[in-house]
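Colleague:
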Amino acid sequence: MKIAVLSNIYGNKYALKKVLDQIETQDIDQLVILGNSIGFGPHNFQILNMLRSQNILYHLKGKIEEGMFSDKQINKLNLHLANSMIKAKQKLDEESKSFLDNAPNHFLHNEKYFFIPSPETFPDRLINEEESIILCLKKFNHRITISSCNHTNFAFEYDGTNPPTKIVKRKLKLSDSLQTFISVGSVGYPSNGSITAKYLILDDEKGSIHFNETTYDYTKTQKDMQVAGISKILIRQLSPLYNKSMNE
Numbered sequence: 012m013k014i015a016v017l018s019n020i021y022g023n024k025y026a027l028k029k030v031l032d033q034i035e036t037q038d039i040d041q042l043v044i045l046g047n048s049i050g051f052g053p054h055n056f057q058i059l060n061m062l063r064s065q066n067i068l069y070h071l072k073g074k075i076e077e078g079m080f081s082d083k084q085i086n087k088l089n090l091h092l093a094n095s096m097i098k099a100k101q102k103l104d105e106e107s108k109s110f111l112d113n114a115p116n117h118f119l120h121n122e123k124y125f126f127i128p129s130p131e132t133f134p135d136r137l138i139n140e141e142e143s144i145i146l147c148l149k150k151f152n153h154r155i156t157i158s159s160c161n162h163t164n165f166a167f168e169y170d171g172t173n174p175p176t177k178i179v180k181r182k183l184k185l186s187d188s189l190q191t192f193i194s195v196g197s198v199g200y201p202s203n204g205s206i207t208a209k210y211l212i213l214d215d216e217k218g219s220i221h222f223n224e225t226t227y228d229y230t231k232t233q234k235d236m237q238v239a240g241i242s243k244i245l246i247r248q249l250s251p252l253y254n255k256s257m258n259e
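When we follow the numbering used here, the leftmost residue of the sequence shown carries the number 12, and every step to the right adds one.
1. May I have the straight-line CA-CA distance separating H221 from L119, to the nearest angstrom?
2. In angstroms, rounded to a whole number, what distance separates the CA positions of E259 and F80?
3. Going by DSSP, which residues form a beta bridge with S158?
4. Is G50 buried or exposed, if buried means 16 or more other CB atoms sit within 10 Å of its CB?
5. I need the straight-line Cα distance from L9 to L42, nearest angstrom please.
6. How far does the alpha helix (DSSP H) with E141 in it reach, from first residue to last?
7. For the structure I just gave you, are there three or more beta carbon pairs, one from the stretch 141 to 158 and one from the stretch 96 to 109, closer than 8 Å?
8. Going by DSSP in three states, E216 sits in which element: helix, strand or coil?
9. Does the separation of the CB atoms of G199 and A93 fall below 7 Å?
10. How far does the beta strand (DSSP E) with V43 in it reach, from first residue to last?
11. Could you have a look at F222 and say whether DSSP puts it in helix, strand or coil?
12. If you reduce the DSSP assignment to three classes, tell me which class I206 lands in.
13. Can we say the stretch 60 to 80 touches the stretch 173 to 190, given the rule of at least three CB pairs closer than 8 Å?
14. Looking at the structure shown, is A239 part of a helix, part of a strand, or coil, going by DSSP?
15. Expressed to the nearest angstrom, what Euclidean distance is found between the alpha-carbon atoms of P175 and S143?
16. How far does the beta strand (DSSP E) with I58 in it reach, from first residue to last?
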């Protein structure tokens, strides 16, 4: 079975459309969505309809969805994003609200543990340092752990003793003797100056992973955000120059 793992779509239909078009050419059996399908993008309702047309194995509840349905969680979002989510919720129908609100935040499939970082599953912070990777792997104690940390794609292998080894290859054969931590990247919200939509392919038959990405016209999303009256600060966050400066 081949599974495409997507995360952080953030209501960006142009990015998702390019990813789904690419997935159609790769004999993918099912999709896993690691939360944050909706967001400050202007296409939240269209995103949910696009995903419903796919063969979804699991759709997890991300921090953005948590914020939409929890006053406590929405207070953790910045003001511009919180206001955007309040408006987005008003435009969703009851079926969409129920779908998002009742989604789980973790699941186990074929020895692979998928989770959303949250106070309930892991400390509420970005997981991108060796110590955090070790803590995560020891906490969940699964051979393969997959999440959606800091909007970038990366993998670490850990033997239980030595510091984890970061994997820089786009393709990786999963080890039977090592623990592996994988972050799948972001479809619709760039990071580190990138404007590509990133996602992960899991090949259960070959026991391998493949980091994939595709370009899309992010300026179309920005124009739609402007028409929808979304904050200029959030619109600028789709700019590669903005994200590069934030990560330097």
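Ideal placement from N, C-alpha and C gives every residue a C-beta, glycine not left out. Only a predicted model underlies this, so the values are computations on that prediction, with no experimental measurement involved.
Modeller: If we stick to the structure as given:
1. Here residue 221 corresponds to residue number 210 of the sequence shown, with the count starting at 1. Here residue 119 corresponds to residue number 108 of the sequence shown, with the count starting at 1. Rounded to whole angstroms, H221 to L119 spans 20 Å at the Cα level.
2. Here residue 259 refers to the residue found at position 248 when the sequence shown is read from its first residue. Here residue 80 refers to the residue found at position 69 when the sequence shown is read from its first residue. Reliability fails at E259, whose pLDDT of 40 lies under 50, so the model's placement of it is uncertain and the value that follows must be treated cautiously. Approximately 33 Å, taken between the alpha carbons.
3. Taking the first residue of the sequence shown as 1, we reach residue 158 at position 147. Its beta-bridge partners are S194.
4. Taking the sequence shown and counting its residues from 1, the one referred to as residue 50 is at position 39. Buried.
5. The structure shown has nothing for residue 9, since the chain only spans 12 to 259.
6. For this step, residue 141 is matched to residue 130 along the sequence shown. Taken as a continuous stretch (DSSP letters only), the alpha helix (DSSP H) holding E141 covers 141 to 151.
7. no
8. What you label residue 216 is simply residue 205 of the sequence shown in a count that begins at 1. If DSSP states are grouped into helix, strand and coil, E216 belongs with coil.
9. Taking the sequence shown and counting its residues from 1, the one referred to as residue 199 is at position 188. Taking the sequence shown and counting its residues from 1, the one referred to as residue 93 is at position 82. Not closer than 7 Å, so no.
10. The count along the sequence shown starts at 1 and reaches residue 43 at position 32. Per DSSP, V43 belongs to the beta strand (DSSP E) from 41 to 44.
11. Numbered from its first residue, the sequence shown carries residue 222 at position 211. The answer is strand: DSSP assigns F222 an E or B state.
12. Residue mapping note: residue 206 aligns to position 195 of the sequence shown, counting from 1. Coil.
13. no
14. Stepping through the sequence shown from its first residue, residue 239 is reached at position 228. Residue state, collapsed to three classes: coil.
15. In the sequence shown, counting from the first residue as 1, residue 175 sits at position 164. In the sequence shown, counting from the first residue as 1, residue 143 sits at position 132. Roughly 10 Å separates the two Cα atoms.
16. On the sequence shown, residue 58 is found 47 positions in, with the first residue counted as 1. No beta strand (DSSP E) contains I58, which is instead part of the alpha helix (DSSP H) from 55 to 63.
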